[in-house]
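Protein chains in written order, with this note's numbering: chain A, 1338 to 1622; chain B, 191 to 497; chain C, -6 to 335. Let me begin by presenting the structure, written as structure tokens, before commenting on it.
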Amino acid sequence: MTTNTAPITRGVLRRSRAGARLRGRGWLTAGLILIGLLVVAGLVVPLFAESPTIAHPADALLGPSGSHLFGTDRYGRDVFIRSVAAIRIDLLLAIVAAASSFVLGSVVGAISGFLGGYVDEVLMRITDIMMAFPSFVLALIVTASLGNSTTHALIGVAVAYTPYFVRLTRARALSVRSLDYVAASRVAKTGRLRIAFTHVLPNSIQPSLVQATLVSAWAILDIAGLSFLGVGVQPPTPEWGAMIADGYGDVLSGQWWTAFFPGLLIMIAATGFHLIGDAVDGGME
Amino acid sequence: MTSLLEVRGLSVRTRAGDTQLLRDISLSVEEGEIVGLVGESGSGKSMTALALMGLLPDSMELLAGSASVAGKEYLAAGAGRHPDLAMIFQNARAALNPTMPVGKQIARICRMVAGARRARAREAAVELLTSVGIPGAERVARSYPHQLSGGMCQRVMIAMALAARPKMLIADEPTTGLDVTVQAQILALLAKASRDSGLGTILITHDLAVVGQVCDRVVVMYGGQVMETAPAKVLFDHPRHPYTQKLLASLSADDDSGDHDPGVDFSVPGCRFVRRCELATAACESPPPLVTVESSVASCHLLESVA
Amino acid sequence: MIAMGRYVAERLFTALLSIAGIAIVVFFVSRVLPGDAAVVRAGQYATPEQIAQLRAQFGVDQPVLVQFGHYLNGLVHFDLGVSTRTGRPVTAELSGRLPATLELSIAALLVALIVGVPLGALAAAKRGTAWDGLVRLGTIIASSAAVFWVGLMAIYFLSNLLHWFPSPVDRLPRGIDPPGSITGMFTVDAVLEGKFPLAVTAFQQLMLPALTLGLITAAPVVKIVRSAMSTALRSDYVRTAHAFGLPRRTVLVQDAFRNSLIPVVTSIGIVAGYLIGGNIIIEQLFSWPGLGQYAYQALQEHDLNAVQGFVIFVGVGYVALNFVLDLIYASIDPRVELRTAS
């Protein structure tokens, strides 16, 4: 009998759900606006600005002003134009990385959960071992081992976050597998795999999407981090982490704007994804 | 002369405002009296208790009503808790702090609620454990809840309640989940407490056998409304309200499967039992009157002609 | 006590199993990944003969299973091979750098706990209010800031401009000798030797990187504490405590907070992940000669043994940390004994 605790639990749940929904809506809107603004700026501004890689040695290291909103870097390139141009690269890389780990992790998780046995055992051990390493360390090791490049950074980040999706989807797969109609049908392995893809994957998409939003936020930070360390996107391509690495020496000698603004945009982008992920997550609690 | 506990017109609704979970609950408890509060799950028994304790979940609010203990009005003043009220819960093990020895849990109530000094509080805790029939109280005082049986934990909780020196105790399904012998012991303990110290007790239960064992009077609830109030013996012999009759019949028929509760319709303006009542008439759609039949008070249109 | 001994043995066995798994996976994955240390080492203009000679020297010309045998044999003797970059044993190099990383991580963890625990508890106690919203928003923003950006800005604004902190040159300014090596952590060693001015200097040097890493790491701490405390606040025992009229503050501290520390302790592993990830960047930024800096340099030069050694160090460290946390958990939660016995 849980008659007596039930009203309380129910009440609290209802309250936090209502609260989360309320807050969730505000946060969701804020997150969508932040990302929306970035996307629009990233798509539109470069159309009207000069190429972000052209140097103007005469204008090197000018402070923020009316003509150079974010100032210029040591090659005289406009930091505003470069920061905004970097939106395309950073957002694209982060989203593609998150989507890749989402797809890869979901497929592996569905297979693992549905086949069970040795396949599941081996896949889960590998997942556990991967999760013993911080994602950034994993991404760095993979990227640096493959060789410094944009594509490899993308692969590194995607691999690092795959275990999250494997676990999520596997848990779903196990619960679907225990459902009567699947258990009763006693289908062959090929049939089970088909069920895995027609029932499990669609079922686990919602929680995985929430996870993917959060992974996008982390991926922004990781891509920029890898590029800052020089193993990701290479200069002169405008990318936030690489720009900060580029401005490192100038910041120390007083030209703080060369790194400040790219970092600010990183924070805005990651905050946007975090707000969306948190809002959707809270709403489903 | 007012009763020890007087509750008048207590109403609770969800904060969203759409559902009135308790409607116009009135009841009273005298000194040394044990009043059973019975009803099925969802009847609002526990909600009534939580409202009286000022422990309503945040999703619910007090709409109207007043309550007083020993003549002191407290509820309307801001839903605060009355210092002379204490409450014990079912599933006592989960209701005790898992990481604090039980003796310490009792002692801190002696100290912070009843105002005892630190050293005295520790002695008092052991004394209280002994008084609720725990052998080897010294040792038990050093134990954690998970090391004790469910019945033992319930005794500990009663000791905690007594440590607060309340005038009124609300016991919410205190014997649910305990085996029959332990159940009887716990009930005897509650009866002893009210007899010895004049403690007024509300005993919430869905088990009519429990009511028969210790209660002086019974309040029957359904759907957040009081259906009938009567002395325990009278209620069993002459149930007046159709719901009470049905409740008792289902007990003797020993058949739970036949009558499936379709769930309470909180939107009906009249008697909330109307959907399940076989005797319902058109009049039942309007709020029922309080009808006194000898020593019973029932809230039912059908009894108007009898009275 | 017998139950406790069994509990420890069980955990130890699981931990050793995980370490073995990590060792095996690390070896085979590192053979699969491209990037040839000999080619990198020999340089752009090396002849095939020179490269072959280097390959023989590094032992990478042998069959994979033979290499694996050598590798396993080495591991058992705590031998992680020789760094192709410096020619020194990897185990010695990593062990030499471990104290620097530990000192920074422990300091950062303290900062994260001191900032994060009260904020998380506050958010939970005031759940749903503006305070809660403010803390959660702050958490989101903090976890959205790039650690290298925060560090760089801190160096410029707080150290260069305001001179609140010394320049981030190393663990000690140039020309100052480190204390003797007792723990390898300069602040601790200096205090142990009674060299208090040296301890202060080392502490000043430690402060800014620790604050940067700690403040960023406070974000997950807030999240964990808030969720654990919210659960505790909803529990039956908190309701009971209120029902007996205990003061709200007492219930918050003795019932809700104390019980919420148990899940918090077990989640420290997650926080450690943030610390290790952040360490690589922070050490690079503040010229802190720890494991992260070493790993980064090793990665840049395809120093296979060094990278492998670092990965095993991190993996083993993680497993060991979780083992220790399990023991702490068992000692603060009186219920653990029962759980293993049943």
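A virtual CB, placed ideally from N, CA and C, is assigned to each residue, including glycine.
Report yes or no: do three or more beta-carbon pairs, one from the stretch 1540 to 1553 of chain A and one from the stretch 1418 to 1427 of chain A, lie closer than 8 Å?
In short, these stretches do not touch, since the Cβ pair count stays below three.
Scan the stretch 52 to 82 of chain C for residues whose Cβ lies nearer than 7 Å to a Cβ of chain A and list them as they occur along the chain.
Per Cβ criterion, the list is empty.
Nearest chain C C-beta to Thr204/B closer than 8 Å, yes or no?
Not an interface residue.
Should Ala49/C be labelled buried (16 or more other beta-carbon atoms within 10 Å of its own) or exposed?
The residue is exposed, with fewer than 16 neighbouring Cβ atoms inside 10 Å.
Say whether chain B places a C-beta atom closer than 8 Å to the C-beta of Leu318/C.
False, the Cβ-Cβ gap to chain B never drops below 8 Å.
Look at Met250/B and Ile360/B and say whether their C-beta atoms are less than 8 Å apart.
Taking 8 Å as the Cβ cut-off, Met250/B and Ile360/B do not qualify as a contacting pair.
Just list the residues that DSSP pairs Ser412/B with in beta bridges.
Per the sequence shown, the amino acid found at residue 412/B is Tyr instead of Ser. Its beta-bridge partners are Gln415/B.
So what's Val225/B in DSSP terms, helix, strand or just coil?
Val225/B: strand per DSSP, three-state reduction.
Check each candidate in Gly80/C, Asn153/C, Tyr0/C, Thr79/C and name the one with the smallest Cα separation from Ser1649/A.
Past the edges of chain A, shown from 1338 to 1622, lies residue 1649/A, and the structure says nothing about it.
Using DSSP's beta-bridge definition, name the partner residues of Ile360/B.
Ile360/B is bridged to Met277/B, Ile392/B.
Which value, in whole angstroms, describes the spacing of the CA atoms of Arg344/C and Gly121/C?
No statement about residue 344/C is possible, as the shown extent of chain C runs from -6 to 335 and does not include it.
Can Gly414/B and Leu211/B be called in contact, C-beta distance under 8 Å?
The answer is yes: Cβ separation under 8 Å.
Interface residues of chain A around Asn153/C at Cβ under 8 Å?
Result: Leu1589, Gly1591.
From the DSSP output, which residues share a beta bridge with Gln295/B?
Note: Gln295/B sits in no beta bridge, so no partner.
For Met1604/A, decide whether its Cβ has a neighbour in chain C, counting only Cβ atoms nearer than 8 Å.
True, the Cβ-Cβ gap to chain C drops below 8 Å.
Is there a Cβ from chain A that is less than 8 Å from the Cβ of Trp124/C?
Chain A contact via Cβ: absent.
Would you kindly work out how many angstroms separate the C-alpha atoms of Phe1610/A and Ile1372/A, rounded to a whole number?
Using only the alpha carbons, I get a separation of about 7 Å.
By the DSSP assignment, the alpha helix (DSSP H) with Arg78/C in it spans what residues?
Unbroken run through Arg78/C: none, as it is neither H nor E.
Report yes or no: do the stretch 1491 to 1500 of chain A and the stretch 1473 to 1481 of chain A share at least 3 C-beta pairs separated by less than 8 Å?
With a cut-off of 8 Å, the stretch 1473 to 1481 of chain A and the stretch 1491 to 1500 of chain A count as touching, because enough Cβ pairs lie within range.
Out of Ile263/C, Arg219/C, Gly113/C, Arg167/C, which one is the CA nearest neighbour of Met1468/A?
The candidate whose alpha carbon is nearest that of Met1468/A is Ile263/C.
Grab me the residues of Asp1396/A's own chain with a C-beta within less than 7 Å of its C-beta, minus the 5 sequence neighbours each way, in chain order.
Excluding residues within five positions, the ones whose Cβ falls inside 7 Å are Thr1409, Gly1413.
Are the stretch 272 to 284 of chain C and the stretch 232 to 248 of chain C touching by the rule of at least three beta carbon pairs closer than 8 Å?
Output reads no: the stretch 232 to 248 of chain C does not touch the stretch 272 to 284 of chain C.
Taking Thr1550/A as the query, report the chain C residues whose CB atoms sit under 9 Å from its CB, ordered along the chain.
Going along chain C, no residue has its Cβ under 9 Å from Thr1550/A, so there is no contact; the nearest lies around 12 Å.
Taking the alpha helix (DSSP H) that Asp214/B falls in, what are its first and last residues?
Per DSSP, Asp214/B belongs to no alpha helix (DSSP H); it is in the beta strand (DSSP E), 210 to 219.
Given a cut-off of 8 Å, decide if Val140/C and Ala211/C are closer than it, judged by their beta-carbon atoms.
Against a cut-off of 8 Å, the Cβ pair of Val140/C and Ala211/C comes out as no contact.
Anything in chain C within Cβ reach of Met501/B, meaning under 7 Å, just list it in chain order.
Coverage of chain B is limited to positions 191 through 497, which leaves residue 501/B absent and any answer about it impossible.
To the nearest angstrom, how far is it from the Cα of Lys436/B to the Cα of Leu217/B?
Computed Cα separation, rounded: 22 Å.
Are the C-beta atoms of Tyr1455/A and some chain C residue less than 8 Å apart?
Judged by the 8 Å Cβ criterion, Tyr1455/A is not in contact with chain C.
By DSSP, does Ala257/B sit in helix, in strand, or in coil?
It is a strand residue.
At the level of alpha carbons, what is the spacing between Leu492/B and Cys474/B?
If you take the alpha carbons of Leu492/B and Cys474/B, they lie about 8 Å apart.
Rounded to a whole number of angstroms, what is the C-alpha to C-alpha distance between Arg81/C and Asp54/C?
Distance between the alpha carbons of Arg81/C and Asp54/C is about 20 Å.
Distance check for Val1474/A and Gly1567/A, CA to CA, integer angstroms please.
Their Cα atoms are separated by approximately 14 Å.
Tell me, which residues are paired with Arg407/B by DSSP?
Paired residue(s): Val225/B, Pro421/B.
Between the stretch 375 to 385 of chain B and the stretch 196 to 216 of chain B, are three or more C-beta pairs nearer than 8 Å?
No contact exists between the stretch 375 to 385 of chain B and the stretch 196 to 216 of chain B.
For the pair the stretch 277 to 284 of chain B and the stretch 292 to 303 of chain B, tell me if three or more CB-CB distances fall below 8 Å.
The stretch 277 to 284 of chain B, when compared against the stretch 292 to 303 of chain B, does not touch it at the 8 Å Cβ threshold.
Considering only their Cβ atoms, is the gap separating Ser236/B from His396/B smaller than 8 Å?
Cβ atoms of His396/B and Ser236/B: not closer than 8 Å.
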